[in-house]
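Remarks on the structure that follows.
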Amino acid sequence: IVEEHTPNPAAGDEHRPIGYGRLQRKEDPRFVRGKGHYVDDIVLPGMLHGAILRAPVAHARLVSIDTTQALANPKVVAVITGKDLEGLGLAWAPTLSYDVQAVLVTDKVRFQGQEVAFVVAEDRYAARDALELIDVEYEVLPPLVDARKALDPDAPVIRDDLEGRTDNHIFDWEAGDAAETDAVFASADVVVSQEVVYPRVHPAPMETCGAVADFDPIDGKLTLYETSQAPHAHRTIFAMVAGIPEQKIRIVSPDIGGGFGNKVGIYPGYILATVGSIVTGRPVKWMEDRSENLMSTSFARDYIMQGEIAATKDGKILGLRTNVLADHGAFNATAQPTKYPAGFFHIFTGSYDLQAAYCKVTGVYTNKAPGGVAYACSFRVTEAVYLVERMVDALARRLDMDPAELRLKNFIRPEQFPYPNKTGWEYDSGDYEKTMRLSMEIAGYDELRREQEERRARGELMGIGISFFTETVGAGPRKHMDILGLGMADGAELRVHPTGKAVVRISVQSQGQGHETTFAQIVSEELGIPPEDIQVVHGDTDQTPFGLGTYGSRSTPVSGGAVALVARKVREKAKFIAAAMLETRPEDLEWEKGRWFVKGDPSVGKTMAEIALGAVGTIELPEGIDGNLDAEVTYDPPNLTFPYGAYICVVDVDPGTGVVKVRRFIAVDDCGTRINPMIIEGQVHGGLTDGVGMALMEIIEFDEDGNNLGGSFMDYLIPTAMEVPNWETGYTVTPSPHHPIGAKGIGESATVGSPPAIVNAIIDALSPLGVTTIDMPCTPARVWEAMQGRATPP
Ligand code: PCD
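If you're matching positions, the sequence shown starts at 325 in our numbering and goes up one per residue.
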């Protein structure tokens, strides 16, 4: 829709690799040929295969395990139980939220699908088959599946392993000023309350989780190939937990088939593969199947939110208040910065200039899988955006105001940035009105409203939904943010080889986002070396600097900053070498388009390639400058970045069946400086598709016995090209003032921003029937039910 820049060689654009043109992805030649190399492609000599026996029930005391028959099978090499792990001190492992999680059950099963025993056999099939030879006796206990009942006095206590535990309460956490907010609410003309539920969903990446552990008994080195979004963090935690010295652990994350938060945690399977390798002295591969992935690895969301919004009668929003019940499952294993047990939920004030806001979140245990990952979300930003955008729409309906107009009236204005919100964030930059107006222009908003009126008169159910979101991504400033005590900074190392080609080593881990391309573009922009001449090394702790990894859209904000700065450091060093080569003083040189030249005499200069060769040559270098054109940095960002966007969705609801068709979807994003427009577009398309999935079909539900009802792709539906429209995208560019190249994250924006637009559109479609709320997923059954007993449209 909106034209991208086309490179203009006359203006020297070929030296400005950021944002210009649609540079093809360097990793795609191997991916499109099926030549990617994933964990399951790894085959090591003598490799064995592991399989996990999982609990068939949600809550049960473990009475006995008999492994004799399994062990008697000639293809079985080892069977590991919780008791064996207890002997090694590994039956329990710390979670990323300072709780503990059972690696294998020792006392009690706490969710269906929990790990009970591990079989290591000669091949994958034998390992699987041998699971049936293990005899386990359970004493079934009543399960707790409804978070609303978790704090009832008669609720079964799930975590009786924790000393002195008599209830299922995990934490209470709050942000904002309660008293100030109450006062604002008391003085408001209008208060609208609504319960808003974000159900449990699953990231469901194409590649499931797995590992190949290779422990060398001679030199004691563990090489662990893992589906990990954060290899360095995993290594350090492994060293702390398993007691293996850190220099003796190498974690390799090869190509990853999608992460979406699912590969942030350390799962029992990774630990079991490692123990299996130590016990058998041979490499052990463990790869979960789809049902194991859906049932036992990290879920997302599961927030029950009581929202309240206060405003004047002419539509000035004054305050927001919410009370949240967070279902964390059987172990508190959510991944987020330590200070924030509810993640970044306190950005729930959204894109609006409010007088006061207050949120309180209570976390509880239930008999469900643990996790609580930021599935395409910077730690609960998704829940926050969904809440505020549903509340703003509810207010618009109450005031009988157009939802676009209400938003435009309440946006934080450009001159208010950097904007301190009422719960402790400082938004870096934004021009919300501009982005909103562009989305309305692309949509033809007024025309759409006219069309809707006509259709309504004919009894058709057409809906238009808006969402305007602000995210907080790029965790984070080290002094405020850590995971298990590890500060959230990232390293980068850059070396320019003598022939002028370069290698940059980064601490983040691509899962499909295209880092091999975009990080080369950043170096290229700073040094003038073409992107194709820059190799990006990542995903191997033996070859890359320490850093906290890829999730919460932090690679560009944090690691991208590190890469820009390390390139500038190399450029500075190059200046001294160029000066020596040109027999002039460094301060007499000027940088432009990949070369240092003499001020006032542009014809005399040295390109990066000439300097690289000169550096290792025979010229005499100034003191303190060695001949290596390299540098390293660790970047601790001063703040997070705050990307935003305006989304408009048009739906048609079939009055007879309740089927929702997303007819149009307009997405205008602002992620500051755009490194690779094609990759950004792909990120947005993917996230929007995720949004359609969550809004219309995805849910991990449980029956009253605690059975997981979403354990396969027959039950857990994910969208295909059939269910999504042709996305209409546009963009505005408001650089981040503190990021070295002005870039903000984009990887999660569309997943965060799209569900409320779709649900708001559905409610808008159904509003002539008097429907004012509906919960995701808006399946035909749910929509149909919402329409029952209502007057037929005029
Ligand atoms: N970019 C550009 N520009 C700008 C920004 C960005 O270009 N401004 C680009 C980059 O470079 C990269 C991408 O784009 O390539 C993205 O980025 P970011 O936003 O920074 O992000 P990262 O960190 O890189 O990544 C992460 C994300 C996340 S987080 C998620 S979920 C998802 C997304 O990413 N995942 C995925 N996307 C994707 N894609 C793919 N393909 N795959 C995957 O898996 Mo979480 O927290 O984990 O839940």
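Here a beta-carbon is modelled for each residue, glycine too, at the ideal position from N, C-alpha and C.
Following the DSSP letters along the chain, one finds I790 inside the beta strand (DSSP E) bounded by residues L785 to T794. Per DSSP, D954 is not a residue of any alpha helix (DSSP H); the beta strand (DSSP E) it occupies stretches across D954 to Y959.
In this structure, I1070 has its beta carbon less than 8 Å from a heavy atom of the ligand PCD.
Going by C-alpha positions, D726 is about 10 Å away from I790. Listed as beta-bridge partners of Y522 by DSSP are Y627. For H373, the Cβ stays outside the 8 Å cut-off from all heavy atoms of the ligand PCD.
A straight line joining the alpha-carbon of T405 with that of R483 spans about 20 Å.
Between S675 and Y756 the beta-carbon gap is near 5 Å, inside 8 Å, which marks them as a contact.
Distances from the alpha-carbon of A417 to those of G593, M1002, I949 and H1009 put G593 closest. Residue state for Y362 is assigned as strand, using DSSP reduced to three classes.
Across the structure, T532 and N617 are spaced so that their CA atoms are roughly 6 Å apart.
When distances are taken from the beta-carbon of A698 to the heavy atoms of the ligand PCD, the shortest one is below 8 Å. Look at the beta carbons and you see the stretch 675 to 684 touching the stretch 499 to 506: at least three pairs across the two are nearer than 8 Å. Collapsing the DSSP output to three states places S552 in coil. Between the C-alpha atoms of L851 and I580 there is a straight-line separation of about 29 Å.
Annotation: the continuous alpha helix (DSSP H) that includes D1014 extends over P1001 to L1020. Taking a cut-off of 8 Å for Cβ pairs, the stretch 957 to 972 and the stretch 800 to 818 touch, as three or more such pairs fall below it. Look at the stretch 543 to 627 and you find these whole runs of beta strand (DSSP E), each 3 residues long or longer: 545 to 550, 573 to 576 and 608 to 611. Counting every other CB atom within 10 Å of its CB across the protein chains shown gives I943 a total below 16, marking it as exposed. Placement of the Cβ of F584 at a distance of less than 8 Å from at least one heavy atom of the ligand PCD is found. By the C-beta criterion, the stretch 1057 to 1077 is judged not to be in contact with the stretch 476 to 493, since fewer than 3 inter-stretch pairs fall below 8 Å. Setting aside the 5 residues that flank it on each side, V974 is surrounded in the same chain by I788, R987 and R988, each with a C-beta closer than 6 Å to its C-beta; the list follows chain order. Relative to the ligand PCD, N952 has its C-beta separated by 8 Å or more from all heavy atoms. S1060: not part of any alpha helix (DSSP H); DSSP gives it neither H nor E. Taking 9 Å as the cut-off, the beta carbon of P1104 is found no closer than this to the beta carbon of E784. Remark: C-beta atoms of I376 and E439 approach each other more closely than 9 Å. Straight-line measurement puts the Cα of Q553 at about 38 Å from the Cα of G948. Counting every other CB atom within 10 Å of its CB across the protein chains shown gives N691 a total of 16 or more, marking it as buried. The three-state secondary structure of V828, taken from DSSP, is strand.
Membership of F539 in the beta strand (DSSP E) is indicated by the continuous run G534 to D540.
In the structure shown, W915 adopts extended strand secondary structure according to DSSP, grouped into three states.
Ranked by Cα distance from Y971, the options E778, L414, G1054 and V608 are led by G1054. If only complete runs of 4 or more residues are kept, the stretch 792 to 873 shows the alpha helix (DSSP H) at 839 to 851, in order along the chain.
In this structure the stretch 871 to 878 does not touch the stretch 609 to 624; the number of beta carbon pairs closer than 8 Å is below three. T673 is the residue among D724, D677 and T673 whose C-alpha sits nearest the C-alpha of V709.
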